[in-house]
DNA sequence: TGACGTTGTCACGAATCTGTCACGGGGCTT
DNA sequence: AAGCCCCGTGACAGATTCGTGACAACGTCA
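Protein chains in written order, with this note's numbering: chain A, 1 to 230; chain B, 1001 to 1230.
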């Protein structure tokens, strides 16, 4: 969710205002007040989004956007144009140059954050939605349903993600650390033993359909999902 | 032009192959591996195309196609037959039964996607204003009217669009963000929790006819419209 | 203008989920 | 067999998430 955002704006007050709002929303902010600095930062840091002011000293925002789109390394970086003008002409010109979105000043902090979220979402690779079936257990990410031999299985969000990971990586031992990285995310800090508890919850959720044996303990190493005998 | 496509195929490997290709082409995929499941999904989800395997356990694809063509609600759903046999005899029988197109295995992903696009284009004109009926609930875009077991249901404009989207994309879980994009439009900035409120309004509007259970909460993910048990 | 319907937002509470701990059983090593 | 380590289990408090009622802003129409 948090993203690296480059704010290219030459007016200090506005730059500050924008940066404060973005940081408050949990994003990392890089700043530049001219095209040269901005160009270097884009190439080096490769931000997730560039917030680009229309008016820049020396070089217009449009020119800068064109340059970004022209270089291989930077051509896929989303750009949101920022301008005080509101006439339709500029809007079209901005989008044609390859801006992904367009905000006219003055804008509300909420709109700013929302637009950025929208652009990020559009770029985000969406996760696989293939359903999996192993040993009579079926899990379908699209409908978010799990059934054991046809009967429904009730799971909490974390248990669902855990089972999903297991079923897409079966027959293989995963350490608690690996499970935390893959299912919880490698940025969160939780005790390793927490995995045990969720394994237990997953097992007891599978118990009514008799599939709890699919989740196997490998003493000293971790856990494994397998339809074969333990 | 993303479309809802139902893949009826009992061989997991082939089903997977087909689904992967269709999803890669931007379509939504529902799956079934027997005629019974397929029948339910066709009636509920009313897919834009049915990809139907010739050989099915228990019931042949031909029989299934006949059944679809026999029922008022499903008689207009395009069917593409899928078969390993290549003899002329089957081809004729398949088309006579009402299949719109016919693909013999092995086939290239490109051919598959192309045929689907062709069928969709053929059906495209009137597709938008079709009325939908699921679990006793009927929604008619043309007359802008909703009835539950015959009794009228009063909905505001937003609730109507929300229900319309739900009924044209049933069974699958939609996040609040996706619902905002699809129902409100991806240029509108409203709080995600606003979705909750409209879900509530939709539910209480459906309550008098006893259909409020069709709108289901998937904790941690979003909402789902389904005639199946929660 | 005023009654009315619709919409987005908020605050509160209830239901549910999550992470952590302590306890105990059971296997493995020596 | 003793001791150590690993794992299962029940309990619990804090954190999330969701349902719900209320409300103000807005537009419409009489």
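Heads up, the beta-carbon is just placed ideally off N, CA and C, and yes, glycines get one too.
Quick check: the Cα distance between residue i and residue j, rounded to an integer number of angstroms?
i	j	result
residue 196 of chain A	residue 150 of chain A	27 Å
residue 155 of chain A	residue 146 of chain A	8 Å
residue 1035 of chain B	residue 1168 of chain B	21 Å
residue 107 of chain A	residue 1176 of chain B	24 Å
residue 136 of chain A	residue 64 of chain A	57 Å
residue 190 of chain A	residue 198 of chain A	12 Å
residue 76 of chain A	residue 22 of chain A	21 Å
residue 1025 of chain B	residue 11 of chain A	44 Å
residue 92 of chain A	residue 62 of chain A	In this predicted model, residue 92 of chain A has a pLDDT of only 40, less than 50, meaning its place in the structure is not dependable; the value taken from the coordinates is given anyway. Going from the Cα of residue 92 of chain A to the Cα of residue 62 of chain A covers about 12 Å.
residue 87 of chain A	residue 1068 of chain B	With a pLDDT of only 46 at residue 87 of chain A, under 50, the local geometry of the prediction cannot be trusted, and the value read off the model is given with reservation. In a straight line, the C-alpha of residue 87 of chain A is about 54 Å away from that of residue 1068 of chain B.
residue 1206 of chain B	residue 1133 of chain B	14 Å
residue 1053 of chain B	residue 1015 of chain B	10 Å
residue 228 of chain A	residue 141 of chain A	24 Å
residue 1158 of chain B	residue 157 of chain A	29 Å
residue 1213 of chain B	residue 1066 of chain B	32 Å
residue 181 of chain A	residue 188 of chain A	8 Å
residue 1178 of chain B	residue 1203 of chain B	19 Å
residue 1144 of chain B	residue 185 of chain A	45 Å
residue 1013 of chain B	residue 1051 of chain B	15 Å
residue 1194 of chain B	residue 19 of chain A	27 Å
residue 109 of chain A	residue 60 of chain A	24 Å
residue 89 of chain A	residue 1218 of chain B	With a pLDDT of 42 at residue 89 of chain A, under the threshold of 50, the modelled position of that residue is not reliable, and the figure given next carries that caveat. In a straight line, the C-alpha of residue 89 of chain A is about 44 Å away from that of residue 1218 of chain B.
In the DSSP assignment, find the beta strand (DSSP E) that holds residue i and state where it starts and stops.
i	result
residue 216 of chain A	215-218
residue 190 of chain A	Unbroken run through residue 190 of chain A: none, as it is neither H nor E.
residue 25 of chain A	Run containing residue 25 of chain A: none; DSSP gives neither H nor E here.
residue 1148 of chain B	1145-1148
residue 225 of chain A	222-225
residue 138 of chain A	137-140
residue 1132 of chain B	1132-1134
residue 53 of chain A	49-53
residue 83 of chain A	79-83
residue 1008 of chain B	1004-1008
Can you find the residues in the same chain that come closer than 6 Å, C-beta to C-beta, to residue i, ignoring five residues on each side of it along the sequence?
i	result
residue 32 of chain A	8, 38, 41
residue 138 of chain A	147
residue 1161 of chain B	1183
residue 230 of chain A	216
residue 1003 of chain B	1027, 1048, 1120
residue 1211 of chain B	1137, 1148
Using only CA atoms, which one of the options lies nearest to residue i?
i	options	result
residue 83 of chain A	A:56, A:70, A:177, A:66	A:56
residue 1046 of chain B	B:1204, B:1053, B:1060, B:1029	B:1029
residue 1117 of chain B	B:1200, B:1048, B:1206	B:1048
residue 130 of chain A	A:115, A:110, A:157, A:165	A:165
residue 1017 of chain B	B:1064, B:1113, B:1067, B:1079	B:1113
residue 5 of chain A	A:213, A:11, A:78, A:163	A:78
residue 1220 of chain B	B:1201, B:1200, B:1202, B:1192	B:1192
residue 201 of chain A	A:111, A:109, A:143, A:163	A:163
What first and last residue would you give for the alpha helix (DSSP H) that runs through residue i?
i	result
residue 1042 of chain B	1035-1045
residue 1155 of chain B	Note, residue 1155 of chain B: premise wrong, no alpha helix (DSSP H); not H, not E.
residue 176 of chain A	176-179
residue 68 of chain A	61-70
Apart from the five residues on each side of it in sequence, which residues of its chain come closer than 8 Å, Cβ to Cβ, to residue i?
i	result
residue 70 of chain A	none
residue 115 of chain A	80, 101, 103
residue 111 of chain A	103
Spatial neighbours of residue i within its chain, please: CB distance less than 7 Å, with the 5 preceding and 5 following residues excluded, ordered by chain position.
i	result
residue 43 of chain A	73, 74
residue 1153 of chain B	1146, 1147, 1205, 1206, 1209
Check: For the 8 Å Cβ check, are there 3 or more pairs between the region 166-185 of chain A and the region 208-227 of chain A?
Finding: yes
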